[in-house]
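Step one of this worksheet: look at the structure below.
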Amino acid sequence: MDDCSGSEPALNGKVHSDDFISNSFKLPKELIQEKDGLELFSEQKQQRHILRAIPFTKATYSRKNKEGEFYVYGLQKEVYFEGYPQQCSCCICR
Numbered sequence: 001m002d003d004c005s006g007s008e009p010a011l012n013g014k015v016h017s018d019d020f021i022s023n024s025f026k027l028p029k030e031l032i033q034e035k036d037g038l039e040l041f042s043e044q045k046q047q048r049h050i051l052r053a054i055p056f057t058k059a060t061y062s063r064k065n066k067e068g069e070f071y072v073y074g075l076q077k078e079v080y081f082e083g084y085p086q087q088c089s090c091c092i093c094r
């Protein structure tokens, strides 16, 4: 007869990694995955969960009767502007 009272689960040494991105609107998930973020973690019985919080802001605009949106994301505050209406001459646009 096995006595399981008070025993701890056996560690199998496996590491599971998974990416989940919550609510990024139209900002491509690949851009978010590449960025540095604030590392958050929580510990439970013999488990450690690491979360990265990557800030982003959705901005909307109206220009010459056209409406659109763009995003500022990551700790470096990069900009994603799909279909930018003009060519850049003095800044870096991605």
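According to the UniProt record's numbering, the stretch in the sequence shown is residues 1 to 94, in order. Quick reminder that beta carbons are idealized off the backbone N, C-alpha and C, glycines included. Predicted model only: the values in this text are computed from it and were never measured.
Residue i in three-state terms, based on DSSP
{"i": "residue 51", "result": "strand"}
{"i": "residue 44", "result": "strand"}
{"i": "residue 1", "result": "Any reading at residue 1 needs caution, since the residue's pLDDT is 48, under 50, leaving its predicted position unreliable; the model's value is listed next. Of the three classes helix, strand and coil, the one that applies to residue 1 here is coil, per DSSP."}
{"i": "residue 84", "result": "coil"}
Run of the beta strand (DSSP E) containing residue i, from where it starts to where it stops
{"i": "residue 76", "result": "Careful: residue 76 lies outside any beta strand (DSSP E) and carries neither H nor E."}
{"i": "residue 98", "result": "This structure cannot settle anything about residue 98, because the visible part of the chain is limited to 1 through 94."}
{"i": "residue 99", "result": "Examination of residue 99 is not possible in this model, given that the chain is present from 1 through 94 alone."}
Residue of the options minimising C-alpha distance to residue i
{"i": "residue 22", "options": "52, 48, 64 and 47", "result": "52"}
{"i": "residue 81", "options": "57, 40 and 75", "result": "57"}
{"i": "residue 139", "options": "74, 45 and 69", "result": "Coverage of the chain is limited to positions 1 through 94, which leaves residue 139 absent and any answer about it impossible."}
{"i": "residue 28", "options": "62, 76 and 71", "result": "71"}
{"i": "residue 26", "options": "76, 68 and 77", "result": "68"}
{"i": "residue 55", "options": "17, 19 and 78", "result": "78"}
{"i": "residue 31", "options": "41, 19 and 45", "result": "19"}
Contact test: residue i Cβ vs the ligand ADP heavy atom, cutoff 8 Å
{"i": "residue 78", "result": "With respect to the ligand ADP, the structure offers nothing, as it holds no ligand at all."}
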